């Protein structure tokens, strides 16, 4: 069965290096934080193009702690608002609430499927303190326009790069443009571990120091909590695995882009909306997401693919504002694009190790579905 991602294939492709990295940690004497984490933090900061990187337990924790370190959600008697999108993994919104802030949801652009800067401006209110821009599916959001909105209104801009390791807008990698960027190293990500992990990146040394403090009980020195904190430390085995995989990330992303280009070529002309391409955006195709004409067609196509041995995904089937935990209690305006996407998107298999024959199988199955319906 083909799936949208295959993290084991990523392990097997680099097995000697990953096994050696894990053995190096086991042979050492630092099993919590320590040199393996510090080394990966330095390497990843240099890769993104920022001064600081702080490893934490997950991408969700990275966003939570980046917001707290920015002072958001901490004002007594007032609940700060953070603008983000409903068309995202629910972790984005969960992290905002973990920080003590109120999510405000706006719509996405129909072509990039990322946050619409014009909608951000409309949603700003007296309690707005930050914008979380999600670089969904590996497609960079319009960061220049977002920075302009945030600068004009005095808002922090935090980039959710959980699906966009190595993506660029213009000549800058995502994570290096906002006040902070956050990454997830969940196994299916473009740069994924063999468990969970996350990172906060920033050029603000004070913010980095605050995140380091918050990730470990509020300590600057052991056993002395300056502020209330958490236990959210990147595991050294995960750090070592990620450091071994990092030099191969750009090559892996190039493979994703080649696979995406072949899908573009072979699926053009079908009644599907394919991912948009923007001249100044270097997308890294964490997912290859097509849109069907309607929900009935999407679901029928997904069932047809499953019968052909292809488990296509839906990212995401229910926008956050319609999920039971959040329905009716979050501030949001009309979200027609987000609701349409939830009903029509389908993710096709795409990962660097996907073979030409396997991609041919997916293409043939998609084409046969529409051929049978003519």
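In our numbering, the protein residues as written are 733 to 1106. Don't be surprised by glycine CBs; every beta carbon is placed ideally from N, CA and C. All of these numbers come straight from a predicted model, not from anything done at the bench.
Since residue 856 and residue 885 should fall inside the 8 Å C-beta cutoff, what is the C-beta to C-beta distance between them, to a whole number of angstroms? Yes, they are in contact, since the Cβ atoms of residue 856 and residue 885 sit about 6 Å apart, within 8 Å.
Per DSSP, what are the beta-bridge partners of residue 930 in this structure? In the DSSP assignment, residue 930 is bridged to 788, 916.
Can you check which of these residues, 911, 1016, 933, 871, is closest to residue 772 by C-alpha distance? For the set 911, 1016, 933, 871, the Cα lying nearest the Cα of residue 772 is the one of 933.
How far does the alpha helix (DSSP H) with residue 850 in it extend, from its first residue to its last? Element bounds for residue 850: 849-855.
Please return the same chain residues whose Cβ sits closer than 6 Å to the Cβ of residue 781, not counting the five positions on each side in sequence. Closer than 6 Å at Cβ, skipping near neighbours: 905, 908.
Would you tell me roughly how many angstroms separate the C-alpha atoms of residue 1026 and residue 798, rounded to the nearest one? Between residue 1026 and residue 798, the C-alpha separation is close to 38 Å.
With a Cβ-Cβ cutoff of 8 Å, do residue 931 and residue 787 count as a contact? Taking C-beta atoms as the reference points, residue 931 and residue 787 count as a pair closer than 8 Å.
What are the uninterrupted segments assigned as beta strand (DSSP E) that are 3 or more residues long and contained completely in the region 790-827, given in chain order? Counting only runs of 3 or more, we get 813-817.
Helix, strand or coil: how does DSSP classify residue 897 here? Three-state result, residue 897: coil.
For the beta strand (DSSP E) that contains residue 775, what are its first and last residues? Here residue 775 belongs to no beta strand (DSSP E); instead the alpha helix (DSSP H) covers 767-780.
Which of the three DSSP states, helix, strand or coil, is assigned to residue 735? The answer is strand: DSSP assigns residue 735 an E or B state.
Neighbour-count burial assignment, residue 744, 16 or more Cβ in a 10 Å radius: Burial check for residue 744: the Cβ neighbour count within 10 Å stays below 16, so the residue is exposed.
Kindly indicate which residue of 876, 972, 888, 768 has the alpha-carbon position closest to the one of residue 746. Of the candidates 876, 972, 888, 768, the one whose C-alpha sits nearest the C-alpha of residue 746 is 972.
Please classify residue 922: does DSSP put it in a helix, a strand, or coil? Residue 922: coil per DSSP, three-state reduction.
Close beta carbons around residue 829, own chain, < 8 Å, minus the five adjacent residues each side: Excluding positions up to five away in sequence, the list reads 835.
Kindly identify the DSSP beta-bridge partner or partners of residue 835. DSSP output for residue 835 lists 814 as bridge partner(s).
Taking the C-alpha atoms as reference points, what is the distance between residue 988 and residue 1015? Residue 988 and residue 1015 have their C-alpha atoms roughly 9 Å apart.
Please classify residue 1012 as buried or exposed, where buried requires at least 16 other C-beta atoms within 10 Å of its C-beta. Per the 10 Å Cβ criterion, exposed.
Assuming contact is defined by CB atoms lying nearer than 8 Å, are residue 970 and residue 929 in contact in what I supplied? Cβ distance < 8 Å, so residue 970 and residue 929 count as in contact.
For residue 1106, count neighbouring Cβ atoms within 10 angstroms of its own Cβ and tell me buried if that reaches 16, exposed if not. Reliability of the predicted coordinates at residue 1106 is poor, the pLDDT of 45 falling under 50, and the value obtained from them is presented with this limitation in mind. Classification of residue 1106: exposed, given that the 10 Å Cβ count is below 16.
I'd like to know whether the C-beta atoms of residue 769 and residue 966 end up nearer to each other than 8 Å. The answer is yes: Cβ separation under 8 Å.
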